[in-house]
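Protein chains in written order, with the working numbering: chain A, 1 to 115; chain B, 1001 to 1114.
Where a beta carbon is used, it is the ideal one built from N, C-alpha and C, also for glycine.
Below is one structure, written out as structure tokens, with a few remarks after it.
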């Protein structure tokens, strides 16, 4: 499985954009990048995923570099409720192999949004 | 409305006394997962089902078992809980494996072993 590297923690001011980086330098061509977040004492919540194109939804934007070795999750206008642990996950999508389809969490980034 | 429901939210059990945690889903998803999350750690996958096909992670202790009697329900059985099994247990579902099959998580069951 490709592994991911994320900063342990980040701070952001309320109302500003939060840019969370993720390094996945060993990603394979068939692997997608997924982002989840976990607010304290809750289950993880899906945010967004992508393969090679940039993606945007109502929660966030995902920017993937052309070589696919890193990505950035962007929360355009962070609020206090965005304080959470953010997980970047590389997920295989091809059939076959023991890791097919599994979601394996790394340590994530603790994002703290300040007033 | 909650789509992945875990009961109970909090469970206290005695050392060595078998305990069962339950998970139900209203999404009719094929895949169900069980994760263990200890304090200040990331969720760790224990096992998963694709329909009735069961897949155990290589490092999941034998003390942990699972049952999926039908699409909607999945159970985690801990045969002889030790103090080290105290954790949050998370259930998740997904439609399948491919892109777009994002996982939906329940609120978790926090297990305390006394």
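For residue 1048 (chain B), the nearest beta carbon of chain A is closer than 8 Å to its own beta carbon. Shown here, residue 50 (chain A) sits in a strand according to DSSP, grouped into three states. Here residue 1113 (chain B) has 1013, 1015, 1081, 1082, 1083, 1085, 1086 as same chain residues with Cβ atoms under 7 Å from its own Cβ, once five neighbours each way along the sequence are excluded.
Scanning A:79, A:45, A:31 for the CA closest to the CA of residue 51 (chain A) turns up A:31. Contact note: residue 1111 (chain B) does not reach chain A at a C-beta cutoff of 8 Å; the least C-beta distance is about 14 Å.
Within the model, the alpha-carbon separation for residue 48 (chain A) versus residue 1078 (chain B) is close to 33 Å.
Distance from the CA of residue 1075 (chain B) to the CA of residue 1005 (chain B), rounded to the nearest whole angstrom, comes to 12 Å. Within the same chain, 1030, 1031 come within 7 Å of residue 1050 (chain B) by CB-CB distance, once the 5 residues on both sides are set aside. With respect to residue 1021 (chain B), residue 1003 (chain B) sits apart: the two C-beta atoms are not nearer than 8 Å. Listed along chain B, the residues sitting closer than 9 Å to residue 51 (chain A) by beta-carbon distance are 1099. Straight-line measurement puts the Cα of residue 111 (chain A) at about 29 Å from the Cα of residue 1011 (chain B). Straight through space, the alpha carbons of residue 1058 (chain B) and residue 1093 (chain B) are spaced by roughly 20 Å. Residue 25 (chain A) sits exposed, since fewer than 16 C-beta atoms from the chains shown fall within 10 Å of its C-beta. Counting along the chain, no beta strand (DSSP E) covers residue 82 (chain A), and no H or E run does either. In the structure shown, residue 73 (chain A) adopts extended strand secondary structure according to DSSP, grouped into three states. Among the residues facing chain A, residue 1008 (chain B) is not included, as its CB has no counterpart in that chain under 8 Å away. Sequence-distant partners of residue 10 (chain A) (beyond 5 residues in either direction) whose C-beta falls short of 6 Å from its own C-beta, in its chain, are 109, 111.
The alpha carbon of residue 1025 (chain B) has as its nearest neighbour, out of B:1043, B:1095, B:1055, the alpha carbon of B:1095. Here residue 1071 (chain B) has 1028 as same chain residues with Cβ atoms under 7 Å from its own Cβ, once five neighbours each way along the sequence are excluded.
Proximity of residue 107 (chain A) to chain B, defined by a Cβ-Cβ separation below 8 Å, is satisfied. Sequence-distant Cβ neighbours of residue 93 (chain A) in its own chain, meaning closer than 6 Å and more than five residues away, are 30, 32. Here the alpha carbon of residue 1066 (chain B) sits roughly 26 Å from the alpha carbon of residue 107 (chain A). As DSSP reads the structure, residue 1067 (chain B) sits in a beta bridge with B:1075. Where residue 1032 (chain B) is concerned, the enclosing beta strand (DSSP E) starts and stops at 1031-1037.
The beta carbon of residue 1037 (chain B) is closer than 8 Å to those of 1043, 1044, 1087, 1088, 1089, 1090, 1108 in its chain, skipping five residues each way along the sequence.
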